[in-house]
Structure formats: C-alpha cells, structure tokens
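J.: All you need for our numbering is the position in the sequence shown, starting with 1, plus 272.
Starting off with a structure, shown below.
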Amino acid sequence: MQELKTFLINKVLLFESDTLLPETEKILQKIRREKPGNPVIYLSSGTSSIIAGSEKTSSAIKAHISENGLAADFIEVGCTGPSNFEPLVCVHLPGKNKLFFRNITEEKVEPLLNGVFHNDLSEEDLAGQTGTRGFEVWPGIPFMDELPFFANQKRVVLSNCGCYDPESIEEYIARGGYRSYVKAIRHYTFEEVCDIVERSGLRGRSGGGYLTGLKWKHALNTSASSRYLICNAKESDPGAFTDRTILESDPHRLIEGIAIASYAIGASSAIVFMRSGSDHAKNRLQNAVEQARQYGIFGHNIFSSGYNLDIVIRIEPGAFVCGEETALINTLEGKRGMPRLKPPYPTSSGLLGKPTVINNVETLMNVPVIMHNGPEWFRTLGTENSPGTKVFAIAGKGRMSGVVEVEMGTSVRKVLEDIADGIREGREFKAIQLGGSSGSFITSENLDVKIDYESLRERGIGMGAGGFVVIDENTCMVDLVRYYMEFIRNESCGKCIPCREGTGRMLEILESVIRKPMNEESGTTLERFKGVMQLETIASVMKDASLCGLGQNAPNPFISALSNFRDEFEEHIFDRKCQANICRGLRSFSIDVEKCTGCTACEAKCPVNAIYGTRLQPFFIVEDKCIGCGVCFDICKFSAINVK
C-alpha cells in the first residue's frame, strides 16, 4: 500500500506533463478496473439504496461469492441516479460489457449471479449495459445511456457517481482526481485561480446565482490575517437530496473543489457544514478527508508549494434557518443560529470577523472540472448567462425519481416528460414545485420555461438548491401550501417580527380554510375570505421587512399557488370542498344503508366514536363528531362508506 501511495504521488499527482507515461497508464487502468481479469460485481450503496435493502443484498452477494468459491471482486459504489432502480447491481465479466440489474433484493441475488455466470440471463430485472471499444456487446440489450432517464442528461457534476469506490482515494486519483488541485497550488497564484473561475461564468448553485469567481475575489482582496472557506452541505429543503447523494458517491471530488477554492481565496482553514442525521454521508466524507490527509493533499507546506490547509467537518444543530449563511456562521461560532444584518457580507466580515466564502456542494463540485478542462470549455455548456449544468432531485409523483443533471437551458417540460417519464398511474399533471419550501409552482403554461437564472427569474421563480417535486391532480394545493407554511413557521428563528408573526398568522388562516367552521352563521364564509385576502398583505410585508431569505421567501409557495390555483382556494372557502379529497376537515362521510352489513369494523376503528348502530344492522355516522380521518372508508370491505 505504501508503494502504491508513493507511486500515485510521484508518477501521477506530481507528474508535470498532461499526458502520463504508458507504463503509468497501464497501472491506473488496473486500479480503475477497466479491463478486469476476474468478474467484478458492483452494488449501489447510497441512502436510497440502503432504504431499498442494499445492505441485505450486499450480504447475499458476499455469501454467494464465498459459498461458491468465486474469484470475483465485490465493490460498493455510490448512487447512479435513478432511485426506482435501487438496489442497483452491476456485473462486469472479463472481456464483456457491464450489465446493470435493477431492484435486486436479497432473494434475487443467487438466481441473478447464477444466470450471469452461466450465460442464462433473465431479462426481468435487466436495466441495460455499458461498455467501450474492445468489449463484447451483449446482443439485444439496450445501452444505459440510451434509456430516456440518462439520454437526456449532461452529467458533469455526477460523472463519477456510481462509477467508482467512494472510499478509495487510489481509484479517484487513477481517474484523474486531485491533479487539478496540485497543478493549481504549484503553478497558479491565488488571483489566477479566481480569474479562471470568473471567466468560466460559474454561478452559485444554491439559488442566488451570484458569480463564484467574483465572490472569491471579494474575499481575497479584503485585507485580513486569515480567511475561511465554508462548504454549505446543510441541504434541509423538503424534497431535495442532491448534496447527500454527491457526498455519498463522490466525496473526493468535493474535497478537491474545497481545496482549490480555499487556495484561491488564500484560506488555510476550510469547514464542511453538514446537516444532522446524514451519518452515511458524513462517514463517507470523513473517510475521504482522512485519506486525503494521509496522501498529503492538505496539511503543512503541501507538496512543497508553501501552501497550508486543514479541512474539518462540523454538524449543524438541526435547524432549517442554519442554512442561511450568517446564521451558519453564528452556529460555527457557538452562538444561536440566527441571521445577522447585511452588510457587512461574509466575504468582508464572516467567521470570527474574517473574510469568509460560503459555497454549496454543487458549486464546488464544478471547480475541479473547470480547472482541468478550462473556462472556455465550461462556457460551451448551458446558456450565455448561465453556463454549465444543474443537478436536481426529482421526487413526488413522476414515474421516475432520483438525482439528475441537465444542461442549463433545458426546458422544465423535458425534465418532466423525458427524464421523469411523466406522471405515474396515468394521472393528470398539476404542477412542479421548484426551489424547496420557499419555492414556486410551475404549471402546464410554464413548462417550456428554460432552466437558467434569468428565464426563471422573469417569471418570479427561483432556481432553488435542487428540489424538483412533481405534483399530480390528487394533490390539494391549499393543503400543500399549509404544509410548507407550517414547516417554515416551525423553523423560523423568531428574531424578526415579520417572519415570526407573519408565518404564524399565515398558517392560522390556511388552517381555517381547510376545515369546516364550528358554526354555519352567514358571516363565517366572509371572515374566511377576508382571512385569505389578508394573506396577500402579510406576504408582502414579510418579503419587504424580514431579516433574511427564510422570511423573505416564506410566502412564495402561497403567492405562487394563489396566482395559479385561485379556484382551489375559492372552492375551499365558499363550497367547503376539496377537489383532491385531501383536507380531512372538509370531508363528509356517510353510510349506505343498502350496502352496510353491520359488521362493526368501522365502529371499532373510529378514533372519536362517531359511528353508532346495532350489530348486523346498518350503522350511521354522527357528522358533528366526525373528524374526517377516513379510517372507516379505508377499512370497510363492502364499499358502504360514501365520501364527498
């Protein structure tokens, strides 16, 4: 192992030419397992894989290899992208293309491997194949990059995800990793690295879209005895899981991006700020940090360049607001996670009063690729003002879900219809929720909008950090807005009155809309309507007067929903009905006496004892006591419960 380490440092990382020696390349090919002599079995091992049962699949694969005495290698890789395929198993036989199999649970392992090794493939779980020139093609099996999910993507940030062992720094270096960083600290000044990134046009991928190179220059040009680089891996928006996938699948690329960014601003300390509860991602990243430290990627006088750097991981306390950059800084300083007034901005006075740059995971993942391929190459991707790609986490009601990467300028419709494959179960499309809990809704009229900062901003839509939630006809927009408002109300730090009181009042009004009034007096409907009208005024005040982005953007879901789905709000207020039949407080249940057999199942399960009757005789529901939970509807075997 020590010999391999010395070889990789001297013959790869410190090798001056862009073209490696042929004998070096042969060794790297072996590390990358490009032409394996023995079968290699790969298994996805991200969080979505674990939820789908990959740990049991892993045990079954290891047991099969051991019991059958197979001379095969077993590698756990990161997430390839499609959550629907998990657990995803790849088998690479010597001389042949790789085969990918989806949904391989524990009981499928033995028949799968027996079939592959005896050339008796079962196509039931077969997803596709991949390979390069010189490998034997499996006839009649589609290539993975031909599948709509992959064919419509441009994978730059995700190019390594699912391709290598994320716990092996040797394999990352063999794939060209850390060479851009070593080249930067040995041959470029701080200013030159900032210039390269600025010329690339890379913009912050956390939603604001500020030019990354310009932000770096602000920090670099601020006089100070020390500077800090913070990687914001908080990612607390509901429906977003891109950062977690990247951390689990390609942690070394992130470390390289952090290291280059730290060098560019002259920082000797870098911090990765992670969300609590992401133990799997944290362990993967911690392992990568330790390996990089052992290889001398950071430390004192790195590779005799005169540059010093240390990287540490910090876990956030579990509050959504701590994702805001000044609240994040307060947290790292041991204070309560509350936003600060700006200016001064963190690039002038951040952590401990020193210039501090805060970039999110996706932004930093682009940096090593830009340094390797050049800023001009990066500008060939995307649009003029929004070059590059954008990573999204597709969730919700689409047929396909998972982490995807598309070129800037791609339409939202293409992501929905081609990559997510439309709406599952043949239901009607309703909206796309872009930008997390503070995002906006994209309806069918705006599906052709291009994914870039300017196009979205013109329509009042924020890019967000990567959430792409597909909503179908069975979703109640009023209830969905209420859910987001409840989330934001609970996460408000309470420092400023507009956010603290505004979110609470908005939630109170929305909750009154999704349930029937206690009395049916004539003025009740008017009061409910006036309450909704107040929402617009409250939203305007919050946007203008809140201290940080949490409060300023909190009304976005309501404003967007009211603009696009006003009829649903009016239906809830005036007709006291929920088209999607989601709002329990507006549902009315009754029992069809012709169908009721008096089995007593509904009576026994009713949580509020609202169902009465005599056994073997028709029962009835007391509407005043019914809370609309629907338990009786779900449990009735005779379809005797009616709901309206």
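Where a beta carbon is used, it is the ideal one built from N, C-alpha and C, also for glycine.
Please read all numbers here as calculations on a predicted model, not as lab measurements.
#1: Which residues bound the beta strand (DSSP E) around Gly739?
#2: Please give me, in chain order, every unbroken run of the beta strand (DSSP E) with length at least 3 that falls completely inside the segment 305 to 346.
#3: Could you tell me the alpha carbon to alpha carbon distance between Gly309 and Pro366, rounded to whole angstroms?
#4: Tell me the start and end of each unbroken alpha helix (DSSP H) in the segment 801 to 863 that is at least 4 residues and wholly inside, in chain order.
#5: What do you get for His459, buried or exposed, if any count of 16 or more other CB atoms within 10 angstroms of its CB means buried?
#6: For a quick check, are the C-beta atoms of Ile333 and Val381 less than 8 angstroms apart?
#7: Can you give the beta carbon distance from Gly350 to Ser521, rounded, assuming they're within the 8 angstroms contact cut?
#8: Closest to Ser498 by C-alpha separation, out of Ala852, Asp515, Thr619, would be which residue?
#9: Closer than 6 angstroms by C-beta to His644: which residues in its own chain qualify, once you throw out the five before and the five after it? Chain order, please.
#10: Please determine if the segment 568 to 576 and the segment 660 to 673 are in contact, where contact requires at least 3 C-beta pairs separated by less than 8 angstroms.
#11: Which residues in the same chain have their Cβ closer than 7 angstroms to the Cβ of Gly821, if we skip the five residues on either side of it in sequence?
#12: When every heavy atom of the ligand FMN is checked, does at least one fall within less than 7 angstroms of the C-beta of Thr514?
#13: Helix, strand or coil for Gly870? Go by DSSP, reduced to three states.
#14: What residues in its chain sit with their C-beta under 7 angstroms from that of Arg887, if we drop five residues either side in the sequence?
#15: Do Tyr725 and Ser658 have their CB atoms nearer than 8 angstroms?
#16: Within its chain, find whatever has a CB closer than 7 angstroms to the CB of Glu679; leave out the 5 residues flanking it on each side and keep chain order.
#17: Take Glu418 and list the residues in its own chain whose beta-carbon comes closer than 8 angstroms to its own, dropping the five residues that flank it on each side.
#18: Hey, how far is the Cα of Leu604 from the Cα of Phe545?
#19: Specify the secondary structure class of Gln558 as computed by DSSP and reduced to three states.
#20: Beta-carbon within less than 7 angstroms of Ala826's beta-carbon, same chain only, minus the 5 sequence neighbours each way: which residues are those?
#21: Which one of Ala564, Val593, Val687 has the shortest CA to CA distance from Gly738?
#22: Use the C-beta contact count for Gln274: other C-beta atoms within 10 angstroms, 16 or more gives buried, fewer gives exposed.
#23: Taking buried to mean at least 16 other C-beta atoms within 10 Å of its own C-beta, is Trp649 buried or exposed?
#24: Apart from the five residues just before and just after Phe462, which ones in its own chain have a Cβ nearer than 8 angstroms to its Cβ?
#25: For a minimum of 3 consecutive residues, which ranges assigned as the beta strand (DSSP E) are wholly contained in the segment 644 to 703?
#26: Measuring alpha carbon to alpha carbon, tell me which of Arg651, Leu706, Asn369 ends up nearest Ser472.
#27: How far does the beta strand (DSSP E) with His390 in it reach, from first residue to last?
#28: How long is the line joining the alpha carbons of Leu782 and Gln806, rounded to whole angstroms?
#29: Where does Pro640 sit, in a helix, a strand or coil, going by DSSP?
#30: If we ignore side chains and look at the alpha-carbon of each, how far apart do Ala817 and Pro615 end up?
#31: Buried or exposed: which applies to Val465, given that a residue is buried once 16 or more other Cβ atoms fall within 10 Å of its Cβ?
#32: Touch check for the segment 747 to 757 and the segment 832 to 844: three-plus C-beta pairs under 8 angstroms?
#33: Any idea if Asp744 is buried or exposed, counting beta-carbon neighbours within 10 angstroms, 16 or more meaning buried?
#34: I'd like the span of the alpha helix (DSSP H) that includes Val785, first residue to last.
#35: Curious, which full-length beta strand (DSSP E) runs of at least 3 residues does the segment 603 to 638 contain?
#36: List in chain order: all unbroken alpha helix (DSSP H) runs of 4+ residues lying wholly within the segment 390 to 466.
T.: Reading off the structure:
#1: Element bounds for Gly739: 739 to 744.
#2: 312 to 316
#3: 6 angstroms
#4: 821 to 825, 828 to 836, 838 to 842
#5: exposed
#6: yes
#7: 2 angstroms
#8: Here the closest residue by C-alpha is Thr619.
#9: Ser452
#10: no
#11: Glu596
#12: Ligands displayed in this structure: none; no statement on the ligand FMN is therefore possible.
#13: coil
#14: Gly870, Thr872
#15: Yes, they are a contact pair.
#16: Lys426, Leu653, Gly654, Thr661
#17: Gly400
#18: 9 angstroms
#19: When DSSP states are grouped into helix, strand and coil, Gln558 belongs to the helix group.
#20: Ser710, Ile760, Cys771, Thr775, Met814
#21: Val687
#22: Answer is exposed; the Cβ neighbour count stays below 16.
#23: So Trp649 counts as exposed.
#24: Leu492, Tyr535, Ala536, Ile537, Gly538
#25: 661 to 668, 674 to 679
#26: Arg651
#27: Here His390 belongs to no beta strand (DSSP E), and DSSP marks it neither H nor E.
#28: 11 angstroms
#29: The DSSP-derived three-state label of Pro640 is helix.
#30: 15 angstroms
#31: buried
#32: yes
#33: Result: buried.
#34: 769 to 785
#35: 628 to 632
#36: 420 to 423, 441 to 446, 451 to 459
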